[in-house]
Amino acid sequence: MAGEVRLSHTAAMILQAISAGHIYGFSVMEVTGLPSGTVYPAMRRLERDGLIRSQWESQSVADADQRPARKYFRITRSGQATLAASQKRYPLLTRLFAVPTQENA
Amino acid sequence: MTLRGLHVAILQGAALLVPAPKRAEWLAEWRAELWYVNRRATTFCLGSFCDAFWVNRNSPAPIARRRFGLESPARCVMLLAALTALSFLLAFGRPSHDVFPPPPSREAQDLAKVSAARQSNELTPSVLIEPNQSLVNRTPSRLSVVACNQPAQRRAETSPQASEDFPLACLGVCILTLGILSSVTPLGLGEYPANRYAPTAPIRLLRWVFLAIKISLLVPTALCGSLALFPIMPPLAPMAMFLGLLFGFRWALMDQRERCPVCLRLLSNPTRIGDPSQSFLGWYGTELMCSHGHGLLYIPGTSTSWYKTQRWQYLDHTWRDLLP
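Going line by line, the protein sequences match chains C and A.
Sequential numbering from 1 applies to the first sequence in our numbering.
Sequential numbering from 1001 applies to the second sequence in our numbering.
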């Protein structure tokens, strides 16, 4: 069922970025070049549709690094199916993002 | 204020748009993201308004009305009646203030204007009065009426013509409001197909009585509110009445659509069903339920040819045992 979801190019780009390992909102912003007012609502839409899921980082991990805890996103199984369908629709999508290094993620 | 403080203030301002239960988490998320932003942080923070609007629009029905106790029909009517009484008091209850200025005298041709300086270029004759002199001694005998020219405060701005036109303006505003109403909210109240669990006709009639009471209280509230405004700002009074009626009617219809047709209480527990992206073959929208177990309301996310408007489903009495 989820494979039938048709995404806009922007939403597909964001999903591709998350799939490529850019799992924080700001990281997705940086890699896509989209403004915050587009990225965050789009990610909420994707989460509402069950294509990604979010989870707060452990506070102890954030405290150890002396920074605030972040919310990170993972692509779901139905999100992967939707992304595969979107990649057929937008063939250049797969060539957009490189897999991030550990510190970017 | 530092730049960092400005950014936090922007985020806190945007957070006001987010429903209260989600606000703390939403703000924590944006503040955490802001920590990593090292350039164009202001632009980044301004984008939070788009996100806040999205969260606001995609959250379950606001519960603000419950804070005012509007879920009960009796309390809703009592609050509306109190609002009507308050607006009535504002319009007519102030001492030594009439809403409209007195009508012109029938003997206007015999009136003279009493002033400290003679003004010969006016249509009405002028009587010069010196300080500390009796007005009666100086009044010409041919005048049968003596008018005391007492300067009013702001009420003098309202002309008698305006007071004559006001009822006509009210009628025009009412007609205009009813004409425009359909563009701000659907006029239909939804489908309530009767089944064997539907209540009797007198109970179903109560729903319409309740709507009639609400409207009959809202109209005088808007009218008295604009009347209270009329002496202060006459040109704005019709506009205030228009807006009052428009949003009053809109609220009355929206409120009516979200009430149980049996007990007239506001429905609760909104639940989103389905996905908007799958609306071609599947139903999606919001389901609400009566907290007393009288039925379920299905509100379609998108109006379709087979589900144009919201639909109510009566439930049998066994549901009432499941609910408190």
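Using N, Cα and C, we set each Cβ at its ideal position, and we do this for glycine too.
One or two residues paired with residue i in a DSSP bridge
i	result
P1300/A	G1285/A
S1268/A	M1289/A
R53/C	R74/C
Q1313/A	L1296/A
Y1307/A	T1304/A
I1273/A	G1285/A
R1259/A	L1266/A
Cross-chain neighbours of residue i in chain C, by beta carbon under 7 angstroms
i	result
E1029/A	K71
W1035/A	R67, P68
F992/A	Outside the shown range of chain A, which is 1001 to 1324, sits residue 992/A, and nothing can be said about it.
Per-residue contacts from residue i into chain C (C-beta, under 9 angstroms)
i	result
N1038/A	Result: empty, since nearest Cβ-Cβ is about 10 angstroms, beyond 9 angstroms.
Residue i: contacting residues in chain C (beta-carbon distance under 8 angstroms)
i	result
G1285/A	Per Cβ cutoff of 8 angstroms: no residues; G1285/A is ~14 angstroms from chain C at best.
G1301/A	What G1301/A touches in chain C: nothing, since even the nearest Cβ is about 12 angstroms away.
G1013/A	Result: empty, since nearest Cβ-Cβ is about 14 angstroms, beyond 8 angstroms.
Chain-order list of residues whose beta-carbon lies under 6 angstroms from that of residue i (same chain, five-residue window excluded)
i	result
H1317/A	none
V1184/A	R1250
W1283/A	G1274
R1320/A	G1293
M13/C	T32
Other residues of its chain near residue i: CB distance less than 8 angstroms, five sequence neighbours each side excluded
i	result
V1173/A	P1238, M1241, F1242, L1245
Under 9 angstroms between C-beta atoms of residue i and residue j
i	j	result
C1290/A	V1262/A	yes
Q1310/A	L1322/A	no
P1019/A	S1072/A	no
R70/C	Y40/C	no
S126/C	G1188/A	This structure cannot settle anything about residue 126/C, because the visible part of chain C is limited to 1 through 105.
A11/C	L46/C	yes
A42/C	V31/C	no
Reference residue i, options the options, closest by Cα
i	options	result
A1015/A	N1038/A, Y1298/A, E1033/A, V1055/A	V1055/A
T1326/A	I75/C, R48/C, S60/C, V61/C	Shown here, chain A extends from 1001 to 1324; a query on residue 1326/A therefore has no answer.
S27/C	W1035/A, G1282/A, I1175/A, W1208/A	W1035/A
N1269/A	T1286/A, G1282/A, P1234/A, W1208/A	T1286/A
K1022/A	G1005/A, T1002/A, R1057/A	R1057/A
L51/C	V61/C, L15/C, M29/C	L15/C
C1328/A	D1165/A, I1213/A, S1182/A, S1305/A	Absent from the model: residue 1328/A. The displayed extent of chain A is 1001 to 1324, so no value can be given.
Y72/C	L1266/A, E1033/A, F1088/A	E1033/A
Listed by chain order, chain A residues near residue i by CB distance under 7 angstroms
i	result
F97/C	Ordered by position in chain A, no residue passes the 7 angstroms Cβ test against F97/C, which lies about 18 angstroms from the chain.
P41/C	C1050, D1051, W1054
Interface residues of chain A facing residue i [CB-CB closer than 8 angstroms]
i	result
R44/C	D1051, W1054, V1055, N1058
G25/C	E1029, E1033
R53/C	Going along chain A, no residue has its Cβ under 8 angstroms from R53/C, so there is no contact; the nearest lies around 15 angstroms.
Close beta carbons around residue i, own chain, < 7 angstroms, minus the five adjacent residues each side
i	result
A1152/A	Residue placement at A1152/A is poorly supported in this model, since its pLDDT is 46, which falls under 50; the coordinates are not used for a value here.
Min CB distance residue i to chain E below 9 angstroms
i	result
D63/C	Absent from the structure: chain E. Protein chains present are C and A.
Under 9 angstroms by beta carbon: chain A residues contacting residue i
i	result
R6/C	S1277
R74/C	Near R74/C there are no residues of chain A at all, since even the closest Cβ is about 16 angstroms away, more than 9 angstroms.
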